[in-house]
Amino acid sequence: MEDTRELFQTMTRRFGFLSKNCCSVGGIDLSLVQSHILYEIDQHESPSVQTIASALGMDITTFSRQTQTLVKLGLIKKTPMPEDRRIYILSLTTEGKFVATTIDVQMKEYLEEVFSHMSEFEKNSVLQSIKMLNEAMAKSTVCCKPFL
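Residue numbers (this note's numbering): 371 to 518.
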């Protein structure tokens, strides 16, 4: 029986999840968290700060620090909602959209290269297994943290 944790530890290292910077686009170095924030903003229509923080499972304080950095880098804008100025809407700037799109293309190319080492059946099996794992994780009562 394989050590399940070791499988995930190895995959985490190979994906570069432990690296300080995951992506570099146009001289801008981004952390994995910042890359995820850009991706989520790009996937939603005029999302609020709370919507994206919740989608990423991040506490609002950590999320706010990360978004401030992205604002300073000129990649996102925070705009107060006209109806309720306590709520901020997030959007990508032109440069932010370019960075998000570039990272998306790079990730798709990377995954395409990884899957090129597998047969179509193996690729589909892996993708189906990941879908099942994501569904099972969504049902878990200990989401996003190890047992204490």
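We put the beta carbon where it would ideally sit given N, CA and C, even for glycine. Given the structure is predicted, the values throughout are model-derived calculations rather than measurements.
T437 burial status per 10 Å Cβ neighbour count (16 or more: buried): In the sequence shown, counting from the first residue as 1, residue 437 sits at position 67. By the neighbour-count rule (16 or more Cβ atoms within 10 Å), T437 is buried.
What distance in whole Å lies between the Cβ atoms of K447 and T421, which are believed to be in contact at a cut-off of 8 Å? Along the sequence shown, read from residue 1 onward, the residue named residue 421 stands at position 51. Along the sequence shown, read from residue 1 onward, the residue named residue 447 stands at position 77. At roughly 15 Å, the Cβ-Cβ gap does not stay under 8 Å, so T421 and K447 are not in contact.
Beta-carbon proximity check, S416 vs S489, cutoff 8 Å: In the sequence shown, residue 416 corresponds to position 46, counting from 1. In the sequence shown, residue 489 corresponds to position 119, counting from 1. No.
Shortest alpha-carbon distance to R383 belongs to which of I398, L402, E372, V395? Here residue 383 corresponds to residue number 13 of the sequence shown, with the count starting at 1. Sorting I398, L402, E372, V395 by C-alpha distance to the C-alpha of R383 places L402 at the top.
So F433 and A423 are supposed to be a Cβ contact under 8 Å. How far apart are they, rounded? Here residue 433 corresponds to residue number 63 of the sequence shown, with the count starting at 1. Here residue 423 corresponds to residue number 53 of the sequence shown, with the count starting at 1. 4 Å between Cβ atoms; contact.
According to DSSP, simplified to helix, strand and coil, what is D412? Along the sequence shown, read from residue 1 onward, the residue named residue 412 stands at position 42. Looking at D412 - three-state DSSP - the assignment turns out to be helix.
Cβ distance (whole Å) where I398 is taken to contact V469 below 8 Å: Along the sequence shown, one-based indexing puts residue 398 at 28. Along the sequence shown, one-based indexing puts residue 469 at 99. With a Cβ gap of about 6 Å, I398 and V469 count as contacting.
Residue range of the beta strand (DSSP E) that I398 falls in? One-based indexing of the sequence shown puts residue 398 at position 28. Unbroken beta strand (DSSP E) run through I398: 398 to 400.
For my contact list, I473 and L440 are in at a C-beta cut-off of 8 Å; report their separation, rounded to the angstrom. In the sequence shown, residue 473 corresponds to position 103, counting from 1. In the sequence shown, residue 440 corresponds to position 70, counting from 1. The Cβ separation is near 13 Å, so there is no contact.
Excluding the five sequence neighbours on either side, which residues of its own chain have a C-beta within less than 6 Å of the C-beta of Q413, listed in chain order? Along the sequence shown, read from residue 1 onward, the residue named residue 413 stands at position 43. No residues qualify anywhere along the chain.
Compute the Euclidean distance between the alpha carbons of F517 and A508, then round it to the nearest angstrom. For the purposes of this step, residue 517 is taken as residue 147 along the sequence shown, with counting starting at 1. For the purposes of this step, residue 508 is taken as residue 138 along the sequence shown, with counting starting at 1. Residue placement at F517 is poorly supported in this model, since its pLDDT is 46, which falls under 50; the coordinates still yield a value, given next. About 16 Å.
So is T511 in contact with chain B if we call contact Cβ pairs under 8 Å? Note that chain B does not occur in the displayed structure, where there is just one protein chain.
Nearest candidate by alpha-carbon position, reference K467, set T431, E410, K478: As a first step, residue 467 is located in the sequence shown; it is residue number 97 there, counting from the start. That would be E410, whose Cα lies nearest to the Cα of K467.
Using the rule of at least 16 other Cβ atoms within 10 Å of the residue's Cβ for burial, across every protein chain shown, is S499 buried or exposed? On the sequence shown, position 129 is the one that residue 499 refers to. Classification of S499: exposed, given that the 10 Å Cβ count is below 16.
Does the distance from the C-beta atom of K478 to that of F485 stay below 8 Å? As a working note, residue 478 is residue 108 in the sequence shown. As a working note, residue 485 is residue 115 in the sequence shown. The Cβ atoms of K478 and F485 lie no closer than 8 Å to each other.
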